[in-house]
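Engineer:
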Amino acid sequence: MTDTQTHYRTCNICEAMCGLEIQHRGSEILSIKGDSNDPFSHGHICPKAVALQDFYNDKDRLKAPMKRTADGWQEISWEAAFEEIASRFRGIQQEHGQDAVGVYLGNPNAHNFGNAIMLPRFFKALGTNNRYSSASADQLPHHVASNYMLGAGMLIPVPDIDHTDFMLIIGANPIVSNGSLMTAPGVGKRLKAIQQRGGKVVVVDPRRTETARKADQHLFIRPETDALFMLAMVHTLFEEQLVTLGHLEDRIDGLEQLAEAVKPYSPETVAAACGMTAEAIRELGREMAAAKSAVCYSRMGASTQSFGGLCQWLNNVLNILTGNFDSRGGAMFPQPAFDLVRDKKGKPSSYGRYESRVRKLPYFNNEFPVATLADEILTPGEGQIRAMITIAGNPVLSAPGGARLEGAFDNLDFMVSVDIYLNETTRHADIILPATTGLEVPHFDVFFNSFAVRNTAKFSEPMFEKGPNQKHDWEILRDLALQLTGLEDDGVTPEAMLDLGLKHGAYGKEGMSLETLKANPHGVDLGPLQPCLAQRIQTEDGKIRLAPQLYLDDLKRLDASGLLQSDENSEYPFTLISRRLPRSHNTWTQNSHRLVKGKNPCTLQMNASDALKIGLEDGQLATVTSASGSINLPVEIDDDMFEGVISMPQGWGHNRPDTAMSIAEGQPGVSMNDVTDSGRIDALTGNAAFNGTRVAVKAA
């Protein structure tokens with residue numbers, strides 16, 4: 060009989076980096092629980108971690124290359140798949156140009172260090188500028204703000220949640236998300252600790268979220284007015300002489316320009332539009348300025364709207380003006396063992412280096428906004444995308460205007476998907492290349508250590524060996540690149556590159572290496588966040604750009620938006636916002652029976668007074684209609700919703716034909732992106748604006 064073994068690893072489903080202790084006997088998983096010896100998560104896990112065994116054992120998971128034929132999907136060899144893909148891509152590029160092939164990267168790429176390290180080689184081999192990812196349906200405004208204010212898009216400040224005395228949370232629900240661009244396992248306990256040490260937590264959100272229910276104060280806000288609210292807070296700091304720059308006083312550029320720019324946005328001017336009182340806005344500004352330490356944290360609700368760029372700029376501004384930037388208890392900068400912030404001093408930004416062909420949207424970080432992907436496929440002319448490769452993504456459900464994008468994929472000459480499922484996107488592919496997943500892969504968090512609230516490092520060995528005909532994602536990318544270029548394999552592996560990065564990183568002189576991490580399976584603690592901006596800022600003169608011109612210019616668009624005027628819309632009287640669920644992650648976890656069992660979570664949350672006005676009852680099926688489409692889903696009466704605002708979860712809609720996700724199809728829900736519009740974006744950054752979609756609601 061096989062002995063019981065214990066395996067330690069980091070959960071790679073979401074950003075929290077929780078440590079796991081997994082008991083198994085051979086290939087049978089006996090238990091999954093939190094690793095109490097993990098120096099970062101200290102035994103905390105969320106419900107998603109136990110689903111790793113579902114993904115490993117999933118009968119729907121593809122394990123060999125599949126090709127679409129007249130008789131349906133047929134298994135083919137890796138060699139045949141690579142040869143056909145390279146031949147088709149080369150032929151299309153020779154006839155229509157290098158950019159005729161597009162690439163889309165889904166969120167799981169950020170949780171896969173092999174892909175993170177091998178993708179640049181693949182991109183070089185493919186040679187296309189038509190690259191897209193989930194970043195422009197998520198956190199792009201954060202990167203643009205860091206790029207323009209600090210000189211590097213990956214130099215993102217994170218809340219020093221473990222030491223702050225006042226935390227203002229805008230458009231974020233970290234108790235459910237586990238922290239996003241704030242890697243903080245057990246975030247609920249961390250928020251409670253703020254209160255236990257005499258601090259205060261305030262949430263500003265159109266929904267009284269799970270986080271807001273635990274906060275000291277919650278303020279409702281009308282969707283899309285977050286920038287107005289934050290401008291009014293900045294106005295208050297200047298008007299009431301509350302600005303304190305602290306140790307950054309000599310490192311600030313643009314203070315006078317900022318003070319002038321915010322003069323029109325007094326709390327009295329914006330309060331009605333925001334749906335709150337002027338005094339409430341002023342008091343928040345005073346409290347944040349007076350606190351011993353404070354931090355403003357805004358996330359998806361603030362980013363995925365029409366003024367997401369302004370919001371993330373103003374988030375940084377608030378932290379800077381209150382003396383809480385690069386300071387204990389404020390917004391600080393991790394010093395990860397594997398550092399993605401390279402020396403960019405004096406180097407031009409990639410923002411706007413190119414414009415998208417059809418809508419002239421800005422290029423940033425080597426990609427275009429996903430909101431224009433369908434345009435680039437459907438619009439004829441030079442540079443039209445005629446072939447695609449999607450890698451670990453399901454943009455039919457995750458990108459705005461999903462139905463239109465679905466039609467665009469049908470318009471392609473050739474499509475490839477690297478994915479473990481036949482899902483709503485990959486069903487349009489000609490060839491699907493499935494990779495290993497979860498427990499079969501080694502793991503190191505290349506990205507999320509850069510956003511963590513404490514400096515740690517951990518490497519996880521594979522728990523199970525891959526099958527003889529399976530390939531890791533990075534091996535698929537490597538072999539495709541070699542097939543495209545005709546070059547020989549140089550033998551470079553992600554582990555070798557990781558080891559090199561660790562040895563040349565911030566802790567290399569102290570002996571940090573891959574060998575060190577392998578000898579410490581629970582992880583290595585590298586200490587709390589410390590002031591370090593002077594060493595890490597990438598602007599040429601080392602100063603923070605407080606008022607970059609593109610943000611000042613975008614205030615004109617805000618003024619012209621009509622947000623300060625009436626919010627009435629007779630045709631589409633409701634405003635739709637999205638929400639996260641504690642037992643799902645984007646579009647791909649719904650094929651776990653442990654995560655979807657129980658009552659249907661894909662509901663339309665609506666205030667009781669709104670439901671009464673249109674004659675809807677709890678549990679009744681409602682039709683939600685926008686200018687882009689209609690969906691039907693059950694109503695959930697919930698007075699945690701601001702009047703006039705409705706909410707539904709993102710990532711659902713597994714009700715399309717010709718997929719093979721049996722558990723997800725049994726509880727499909729509907730896709731919010733069948734009513735969102737890819738034309739609604741934050742024009743400054745190109746980020747998708749899911750939140751704030753105007754809709755009508757009636758009984759189905």
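Convert by adding 59 to the 1-based position in the sequence shown; the result is the number in the numbering used here.
Positions of the beta carbon are idealized from the N, C-alpha and C atoms, including for glycine.
1) Give the DSSP-derived three-state secondary structure of residue 584 in the structure shown.
2) Could I get the ranges of all uninterrupted alpha helix (DSSP H) runs contained in the segment 281–364, with 4 residues as the minimum, in chain order?
3) Name the DSSP bridge partner or partners of residue 132?
4) I'd like the ranges of any beta strand (DSSP E) spanning at least 3 consecutive residues and lying wholly in the segment 474–541.
5) Can you tell me whether DSSP reads residue 368 as helix, strand or coil?
6) Is residue 720 closer than 7 Å to residue 119 when the C-beta atoms are compared?
7) To the nearest angstrom, report how far apart residue 536 and residue 179 are at their CA atoms.
8) Can you give, in chain order, each stretch of the alpha helix (DSSP H) that sits fully within the segment 592–658 and has at least 4 residues?
9) May I ask which residues mark the beginning and end of the beta strand (DSSP E) holding residue 161?
10) I need the boundaries of the alpha helix (DSSP H) containing residue 151, first residue and last residue.
11) Cα separation between residue 186 and residue 148?
12) When you compare the CB positions of residue 732 and residue 367, do they come within less than 7 Å of one another, or not?
13) Could you give the distance in angstroms between the alpha-carbon of residue 116 and the alpha-carbon of residue 85?
14) Roughly how many angstroms separate the alpha carbons of residue 326 and residue 300, rounded to a whole number?
15) I need the DSSP call for residue 743, collapsed to helix, strand or coil.
16) Check whether the segment 458–470 touches the segment 497–509, counting contact only when three or more Cβ pairs, one atom from each stretch, lie closer than 8 Å.
17) Suppose you measure from the CA of residue 670 to the CA of residue 630; what does that come to, to the nearest Å?
18) Given residue 726, which residues of its chain have a CB within under 6 Å of its CB, disregarding the five upstream and five downstream residues?
19) By DSSP's criteria, residue 206 is part of a beta bridge. Which residues make up the other side?
20) How should residue 551 be labelled, buried or exposed, when 16 other C-beta atoms within 10 angstroms of its C-beta is the threshold for buried?
21) Determine contact between the segment 386–406 and the segment 558–577, defined as no fewer than three beta-carbon pairs at a distance below 8 Å.
22) Return the chain-ordered list of same chain residues with a C-beta closer than 7 Å to the C-beta of residue 102, the five sequence neighbours on each side being excluded.
23) Does residue 570 pass the burial test, meaning 16 or more other C-beta atoms within 10 Å, or should it be called exposed?
24) Output yes or no for whether 7 Å exceeds the beta carbon distance between residue 454 and residue 484.
25) Please say whether residue 639 and residue 235 have beta carbons closer to each other than 7 Å?
26) In the segment 245–273, which residue ranges form an unbroken beta strand (DSSP E) of at least 3 residues, counting only runs that do not cross its ends?
27) List the DSSP bridge partners of residue 78.
28) Which of helix, strand or coil does DSSP assign to residue 673?
29) Opposite residue 93 in the DSSP bridges: which residues?
30) Alpha carbons only, please: which of 546, 547, 545 and 575 is nearest the one belonging to residue 559?
31) Rounded C-beta distance between residue 75 and residue 238? I'm assuming under 8 Å.
Structural biologist: Here's the rundown:
1) Walking along the sequence shown from the start, residue 584 turns up at place 525. Strand.
2) Whole alpha helix (DSSP H) segments, 4+ residues: 285–298, 314–320, 326–333, 337–349 and 359–362.
3) Here residue 132 refers to the residue found at position 73 when the sequence shown is read from its first residue. As DSSP reads the structure, residue 132 sits in a beta bridge with 127.
4) Runs found: 490–492 and 513–516.
5) Counting from 1 along the sequence shown, the entry for residue 368 is found at position 309. Reduced to three states, the DSSP call for residue 368 is helix.
6) The sequence position of residue 119 within the sequence shown is 60, counting from 1. The sequence position of residue 720 within the sequence shown is 661, counting from 1. Result yes, Cβ atoms of residue 119 and residue 720 sit closer than 7 Å.
7) Along the sequence shown, one-based indexing puts residue 536 at 477. Along the sequence shown, one-based indexing puts residue 179 at 120. Cα to Cα, residue 536 sits roughly 10 Å from residue 179.
8) If only uninterrupted alpha helix (DSSP H) runs of at least 4 residues are considered, those enclosed by the segment 592–658 are 592–595, 608–619 and 652–655.
9) What you label residue 161 is simply residue 102 of the sequence shown in a count that begins at 1. Element bounds for residue 161: 160–164.
10) One-based indexing of the sequence shown puts residue 151 at position 92. It spans 137–155 - the alpha helix (DSSP H) in which residue 151 sits, taken as one unbroken run.
11) Within the sequence shown, the letter at position 127 stands for residue 186. Within the sequence shown, the letter at position 89 stands for residue 148. Residue 148 has its alpha-carbon roughly 11 Å from the corresponding atom of residue 186.
12) If you number the sequence shown from 1, residue 732 lands on position 673. If you number the sequence shown from 1, residue 367 lands on position 308. Not in contact: residue 732 and residue 367 (Cβ atoms no closer than 7 Å).
13) Along the sequence shown, one-based indexing puts residue 116 at 57. Along the sequence shown, one-based indexing puts residue 85 at 26. Those two C-alpha atoms are separated by around 13 Å.
14) Numbered from 1 along the sequence shown, position 267 holds the residue referred to as residue 326. Numbered from 1 along the sequence shown, position 241 holds the residue referred to as residue 300. C-alpha separation (whole angstroms): 15 Å.
15) Mapped onto the sequence shown, residue 743 falls at position 684. Coil.
16) The segment 458–470 vs the segment 497–509: no contact.
17) Position 611 of the sequence shown holds residue 670. Position 571 of the sequence shown holds residue 630. Approximately 17 Å between the Cα atoms of the pair.
18) The residue you call residue 726 lines up with position 667 of the sequence shown. Answer for residue 726: 655, listed in chain order.
19) For this step, residue 206 is matched to residue 147 along the sequence shown. DSSP, once it has assigned bridges, lists no residue as partnering residue 206.
20) Here residue 551 is taken as the residue at index 492 of the sequence shown, counted from 1. Its Cβ having fewer than 16 others within 10 Å, residue 551 is exposed.
21) These segments touch.
22) By one-based count along the sequence shown, residue 102 stands at place 43. Answer for residue 102: 93, 94 and 95, listed in chain order.
23) As a first step, residue 570 must be located in the sequence shown, where it is residue number 511. Counting Cβ neighbours within 10 Å, residue 570 comes out exposed, since fewer than 16 surround it.
24) As a working note, residue 454 is residue 395 in the sequence shown. As a working note, residue 484 is residue 425 in the sequence shown. Contact annotation: residue 454 and residue 484 have beta-carbon atoms nearer than 7 Å.
25) Locating residue 235 in the sequence shown gives position 176, counting from the first residue. Locating residue 639 in the sequence shown gives position 580, counting from the first residue. Contact check for residue 235 against residue 639 passes: the beta carbons are separated by less than 7 Å.
26) Entirely contained in the segment 245–273, the beta strand (DSSP E) runs reaching 3 residues are, in chain order, 259–263.
27) If you number the sequence shown from 1, residue 78 lands on position 19. In the DSSP assignment, the residues bridged to residue 78 are 69.
28) Position 614 of the sequence shown, counted from the start, is the residue given in the question as residue 673. The answer is coil: DSSP assigns residue 673 none of H, G, I, E or B.
29) Sequence index remark: in the sequence shown, residue 93 carries index 34 (1-based). For residue 93, which the question treats as bridged, DSSP gives the partners 79.
30) Start at 1 with the first residue of the sequence shown, and residue 559 comes out as number 500. Comparing Cα-Cα distances from residue 559 to each of 546, 547, 545 and 575, the minimum goes to 575.
31) Counting from 1 along the sequence shown, the entry for residue 75 is found at position 16. Counting from 1 along the sequence shown, the entry for residue 238 is found at position 179. Approximately 6 Å separates the beta-carbon atoms of residue 75 and residue 238; this is inside 8 Å, confirming the contact.
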